[in-house]
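Visitor: Let me give you the structure first, and then I'll get to my questions.
There are 2 protein chains.
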Amino acid sequence: MANQLSLSIDRSSPVPLYHQVVQGIEAAIHSGILEPGSRLDNEIDLAAQLNLSRPTMRKAMDELVRAGLLVRKRGVGTQVVASQVRRPLELSSLYDDLSNNGKKPTTEVLSFSHVEADALTLTALQLPAGSKVYHFTRLRKVGGKPLALMENWVRDDITSMDEAQLSKEGLYAILRRGGVNFRLASQRIGAMIANDYQAPLLEAEVGSALVTMERTAVDDTGRMVETGHHVYRADSYSFEMTLVQR
Amino acid sequence: MANQLSLSIDRSSPVPLYHQVVQGIEAAIHSGILEPGSRLDNEIDLAAQLNLSRPTMRKAMDELVRAGLLVRKRGVGTQVVASQVRRPLELSSLYDDLSNNGKKPTTEVLSFSHVEADALTLTALQLPAGSKVYHFTRLRKVGGKPLALMENWVRDDITSMDEAQLSKEGLYAILRRGGVNFRLASQRIGAMIANDYQAPLLEAEVGSALVTMERTAVDDTGRMVETGHHVYRADSYSFEMTLVQR
DNA sequence: AAAGGCAGTATGTCCTATCAAGAGAACATG
DNA sequence: CATGTTCTCTTGATAGGACATACTGCCTTT
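For the protein sequence lines, the chains are A and B, in the order given.
Sequential numbering from 1 applies to the first sequence in this note's numbering.
Sequential numbering from 1 applies to the second sequence in this note's numbering.
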């Protein structure tokens, strides 16, 4: 049917053209201008409508396909998938997640030290023997309710940090300000039973269910920057994600 | 430095050139020929060495960057990141995961019915009122040990299935054979305590920790194909994934 | 000797072109 | 009327060129 979306492309903007197209189509989908299931014009026409070359148009659509918003079929066309799926799991901190949702997280630093890393940490962060790391545990609450108990180890040769900073903002915000560009993280999500140490801090019963996460984050130079072991109250937190088939 | 990798590109192969390059570099990294941290030649030289155009070379490297194996910096070059990170979480079934790891999973179908969907399922699968679905629960064991208890609802207008099939192979294999091309899935991972029903089936104590997963899968036409609620023994299973910053 | 600017190099963006391949409909033929 | 072929539409793959921009290190200048 040829859904001709009228996007405005600003060629003087520093934002790459293909990205402007991505944003435009994304907005059109989320606002309902492009309905789920509807077919888009073919690449060539779309490119012509926006006065772009086909490769540029394709690059934009590529991103949207990867994001799971569009589906392309050779010989057929491109259509909007967009069930109300969430954004694929991104590399963000819990603090960011909560802040973005309008909640006001508070952080209580339970312990903080700058010590020589133990063997496990040396391995996890791939540091030479004798390296020092920041080691701290934090309790995160939202609306006064405990949500997460977090233990982290951070290499100390990137940026310095102290207890006061950690109680004011998220770890990732501090590291990013220190010049760290996160590239990837590997994490493992599981479950466990609250023990005598965790339960009172999280204001939960001993024996109640906790979600566990272990994560190691890598920056764009390949350095392992941070590793941590977090536990969350299962009744208040779960991991949502969208998987895209490639 | 200039690490000149000698890949062989087969122009008569049906495999796209850029993908051959992806596979080649991937293999070189995993086999250690390309060491973590080492720099690659620049795109233009690499393209010349392999007799490819720069866009083709770039497309290959794009994929590797997205996969988290390479890092590019404008004005600097491209280097291998590749800490021993795992492949990003993919849209696969537990059965596939286990089979690929050399395990031999067995499936016991605890219940199977073809019934009218209840309100919750209608919503989850976005089906019109009165639609029928397959509803079944399965117990998956590995090496005789119970691992997962799975309850699923599958729309019936795609392919038919029965108890015998489900006990022989994974749900996703059946659906794929029925012509379903999965595109994306949204899932939520959390934790809970084993109850009186789950514990004996999983041969675990009542009150032990379970990992829970709820998933809804969408095919390439935007149809919600399947939704399910699974629980896993926390001592035998966890979700590993790699997040890539984009 | 320190600071600033400049050039070189690499990736980032964007363009024009062309051929290949899959899907589906129209059409011709037995 | 059924079936197989062909034609057309659309995405997929590849090439090659031009210009923009970020980073590094060297060189000049102060």
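Glycine included, C-beta positions come from ideal geometry on N, C-alpha and C.
All figures in this text were calculated on a predicted structure; none of them were measured in a lab.
(1) Between the Cα of I25 (chain A) and those of A:L7, A:D41 and A:P16, spot the shortest distance and give me the residue it belongs to.
(2) Measure the alpha-carbon distance for Y18 (chain A) versus G179 (chain B) and round it to whole angstroms.
(3) Which chain B residues sit within Cβ distance under 9 Å of T254 (chain A)?
(4) Which residue's Cα is closest to the Cα of R233 (chain B): A:V81, A:I193 and A:V225?
(5) Starting from the C-beta of E214 (chain A), find all residues in its chain whose C-beta is less than 6 Å away, skip the five residues before and the five after it, and write them out in chain order.
(6) Inspect the beta-carbon positions of L110 (chain B) and L139 (chain B) and report whether they are closer than 8 Å.
(7) In terms of residues, what are the limits of the beta strand (DSSP E) holding A191 (chain B)?
(8) Assuming V81 (chain B) contacts P36 (chain B) under a Cβ cut-off of 8 Å, what Cβ separation, rounded to an integer in Å, is found between them?
(9) Let me know if L147 (chain A) comes out buried or exposed under the rule of 16 or more other beta-carbons within 10 Å of its beta-carbon.
(10) What's the gap between the Cα of I29 (chain B) and the Cα of A209 (chain A)?
(11) Tell me which residues share the same chain as H114 (chain B) and place their Cβ nearer than 7 Å to its Cβ, disregarding the 5 neighbours each side in the sequence.
(12) Give the secondary structure of Y134 (chain A) by DSSP, where H, G and I count as helix, E and B as strand, and everything else as coil.
(13) Which two residues bound the contiguous beta strand (DSSP E) that contains P108 (chain A)?
(14) Look up H230 (chain B) in the DSSP assignment and give the residues it is bridged to.
(15) What are the residues that DSSP puts in a beta bridge with V22 (chain A)?
(16) In the region 194-212 of chain A, which residues sit with their C-beta less than 9 Å from some C-beta in chain B, listed in chain order?
(17) Does the CB of G222 (chain B) have a neighbour CB from chain A at under 8 Å?
(18) At a CB-CB cut-off below 7 Å, which residues of chain A make contact with Q245 (chain B)?
(19) Secondary structure at M241 (chain B), three-state DSSP: helix, strand or coil?
(20) Could you confirm whether any beta carbon from chain A is found closer than 8 Å to the beta carbon of P16 (chain B)?
(21) I'd like to confirm the pairing. Which residues does DSSP put opposite Q79 (chain A) in its beta bridges?
(22) Under a CB-based cut-off of 8 Å, is M61 (chain A) close to chain B?
(23) Would L184 (chain A) be called buried (16 or more neighbouring beta carbons within 10 Å of its own) or exposed?
(24) Rounded to whole angstroms, what is the Cα-Cα separation between E240 (chain B) and N101 (chain B)?
(25) Just to confirm before moving on: does the CB-CB distance between R54 (chain B) and A60 (chain B) stay below 8 Å?
(26) Please identify, using Cβ separations under 7 Å, the residues of the region 44-73 of chain A that lie next to chain B, in order along the chain.
(27) Along chain A, in chain order, which residues have C-beta atoms closer than 8 Å to that of P146 (chain B)?
(28) At 7 Å on the CB atoms, spell out the chain A contacts of G190 (chain B), in chain order.
(29) How should D10 (chain B) be labelled, buried or exposed, when 16 other C-beta atoms within 10 angstroms of its C-beta is the threshold for buried?
(30) According to DSSP, is R58 (chain B) part of a helix, a strand, or is it coil?
(31) Does G143 (chain B) come within less than 8 Å of chain A when only Cβ atoms are used?
(32) With three or more C-beta pairs closer than 8 Å as the rule, is the region 217-226 of chain B touching the region 214-227 of chain A?
(33) Thinking C-beta only, is T212 (chain B) closer than 8 Å to L125 (chain B)?
(34) Please confirm whether F182 (chain A) and Q79 (chain B) have their CB atoms less than 8 Å apart.
(35) Name the chain B residues whose beta carbon is nearer than 9 Å to that of G37 (chain A)?
(36) In terms of residues, what are the limits of the alpha helix (DSSP H) holding Y172 (chain A)?
Guide: With the structure as the only source:
(1) Per the Cα distances, A:L7.
(2) The alpha-carbon atoms of Y18 (chain A) and G179 (chain B) are separated by roughly 33 Å.
(3) Nothing can be reported for residue 254 (chain A): it is not among the residues displayed for chain A, which extend from 1 to 246.
(4) It is A:I193.
(5) Excluding sequence positions up to five before and after E214 (chain A), its CB lies within less than 6 Å of the CB of R188 and H229, all in the same chain and listed in chain order.
(6) Judged by their CB atoms, L110 (chain B) and L139 (chain B) are nearer to each other than the 8 Å cut-off.
(7) For A191 (chain B), the enclosing beta strand (DSSP E) covers residues F182 to I193.
(8) 7 Å between Cβ atoms; contact.
(9) Buried, because 16 or more other Cβ atoms sit within 10 Å of the Cβ of L147 (chain A).
(10) Each residue's alpha carbon lies about 40 Å from the other.
(11) K132, Y134 and D156, listed in sequence order.
(12) Y134 (chain A) falls in the strand class under three-state DSSP.
(13) A small fix is needed here, since residue 108 (chain A) is Glu in this sequence, not Pro. According to the DSSP assignment, E108 (chain A) belongs to the beta strand (DSSP E) that extends over P105 to E116.
(14) B:M150 and B:M213, per the DSSP bridge assignment.
(15) Note: V22 (chain A) sits in no beta bridge, so no partner.
(16) Listed by position, the residues of the region 194-212 of chain A near chain B (Cβ gap below 9 Å) are G207, S208, A209, L210, V211 and T212.
(17) Chain A contact via Cβ: present.
(18) Simply L91, F182, R183 and L184.
(19) The answer is strand: DSSP assigns M241 (chain B) an E or B state.
(20) Closer than 8 Å to the CB of P16 (chain B) there is not a single CB belonging to chain A.
(21) Q79 (chain A) is bridged by DSSP to A:R39 and A:V71.
(22) Between M61 (chain A) and chain B, the shortest Cβ-Cβ separation is not below 8 Å.
(23) Buried, since its Cβ has 16 or more Cβ neighbours within 10 Å.
(24) Those two C-alpha atoms are separated by around 14 Å.
(25) Not closer than 8 Å, so no.
(26) Listed in sequence order: G68 and V71.
(27) Those do not exist, as P146 (chain B) stays about 16 Å from chain A at its closest Cβ, beyond 8 Å.
(28) Residues of chain A with a Cβ closer than 7 Å to the Cβ of G190 (chain B) are, in chain order, V211, A234 and S238.
(29) Around the CB of D10 (chain B), fewer than 16 other CB atoms lie within 10 Å, so the residue is classed as exposed.
(30) R58 (chain B) sits in a helix when the DSSP states are folded into three classes.
(31) Cβ-Cβ to chain A under 8 Å: no for G143 (chain B).
(32) Output reads no: the region 217-226 of chain B does not touch the region 214-227 of chain A.
(33) In this structure, T212 (chain B) does not lie closer than 8 Å to L125 (chain B) by Cβ.
(34) No, they are not a contact pair.
(35) Taking a Cβ-Cβ cut-off of 9 Å, the neighbours of G37 (chain A) in chain B comprise T221 and G222, given in sequence order.
(36) For Y172 (chain A), the uninterrupted alpha helix (DSSP H) run begins and ends at L171 to R177, by DSSP.
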